[in-house]
Amino acid sequence: MTKFILTVAAALLATGTALAHDYSVGDLVIDHPVARATPANAPVSAGYMTIRNTGATSDRLIGGSVDFAGTVEIHEMAMDGDVMKMREIEGGIEIPPGGEIKLQPGGLHVMFIDMRQQLQEDQEHAGTLTFEKAGDVDVVFNVESLSQIRETMGNGMKHHDHDEMQMEESN
Ligand SMILES: [Cu+2]
11 MTKFILTVAA
21 ALLATGTALA
31 HDYSVGDLVI
41 DHPVARATPA
51 NAPVSAGYMT
61 IRNTGATSDR
71 LIGGSVDFAG
81 TVEIHEMAMD
91 GDVMKMREIE
101 GGIEIPPGGE
111 IKLQPGGLHV
121 MFIDMRQQLQ
131 EDQEHAGTLT
141 FEKAGDVDVV
151 FNVESLSQIR
161 ETMGNGMKHH
171 DHDEMQMEES
181 N
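Take the sequence shown: its position 31, counting from 1, is numbered 41 in the working numbering, and each next residue is one higher.
If you want it as structure tokens, here you go:
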């Protein structure tokens, strides 16, 4: 698969800014990928971003990889009886033509499992997002606190005030 090396990533790494950043690949725009800062010994973390599809055909986010965790899964939140739980989405997330998807706290997210190191605010970590059609896209995840992430993404799903990092893996 073609790897897209994006100058914006290099620029951000060089200056160490925590400004918004985005990546374009084909018809997709990946806006401000972030990873959530972890407390000591956290077994998992989560990644969030907005992905827009400016094209006429759908694509799917199907996976990825990062330098700080051994496994990356695509997760959704769903009710299991009375309890909101997260679970892996088989086949990934569709990004419809002309549409956008938001991965945000309390909703769709990228799950980082088998953490090799904990994440601290203001770190930047290299990663790859894998799309069914666009292929592998190199990105940088800015590490932010949950409150920073919510602020950046708008109040979105704020009413789901549970801490999804406390939730069990259902797989
Ligand atoms: Cu999850």
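Built from N, CA and C at the ideal position, the CB exists for glycine as well. Predicted, not measured: the structure shown is a model, and the values here were computed from it.
Nearest residue (CA-CA) to residue i, options the options
{"i": "I40", "options": "N51, A50, N63 and R126", "result": "N63"}
{"i": "S68", "options": "I61, P43, T48 and P106", "result": "P106"}
{"i": "Y33", "options": "L129, M94, T138 and M125", "result": "T138"}
{"i": "A52", "options": "D124, E131 and A144", "result": "D124"}
{"i": "G116", "options": "T81, A79, A30 and G164", "result": "G164"}
{"i": "Q133", "options": "T60, I72, F78 and M59", "result": "F78"}
{"i": "R160", "options": "M59, M89 and S75", "result": "M59"}
{"i": "A50", "options": "S157, A144, E131 and A88", "result": "E131"}
{"i": "I61", "options": "H31, Q158, S75 and E98", "result": "H31"}
Cβ distance (whole Å) where residue i is taken to contact residue j below 8 Å
{"i": "I84", "j": "G102", "result": "5 Å"}
{"i": "L113", "j": "G57", "result": "7 Å"}
{"i": "V120", "j": "V82", "result": "6 Å"}
{"i": "R70", "j": "E104", "result": "5 Å"}
{"i": "D37", "j": "G73", "result": "With 8 Å as the limit, D37 and G73 do not qualify as a contact, their Cβ atoms being about 19 Å apart."}
Pair within 8 Å by beta-carbon distance, residue i and residue j
{"i": "F122", "j": "S55", "result": "yes"}
{"i": "D148", "j": "A136", "result": "yes"}
{"i": "M96", "j": "E86", "result": "yes"}
{"i": "G80", "j": "R126", "result": "yes"}
Contact the region 147-155 vs the region 31-47: 3+ CB pairs below 8 Å: With the cut-off at 8 Å, the region 147-155 and the region 31-47 touch.
Every unbroken beta strand (DSSP E) within the region 31-57, with a cutoff of 3 residues, ordered by chain: Segments of the beta strand (DSSP E) lying fully in the region 31-57: 32-35 and 38-46.
Unbroken stretches of the beta strand (DSSP E), 3 residues or longer, contained in the region 96-149: Here the runs fully enclosed are 103-105, 110-113, 119-125 and 134-141.
Those runs of the beta strand (DSSP E) which lie wholly inside the region 58-92 and span at least 3 residues: Inside the region 58-92, DSSP marks whole beta strand (DSSP E) runs of 3 or more residues at positions 69-76 and 79-90, from first to last along the chain.
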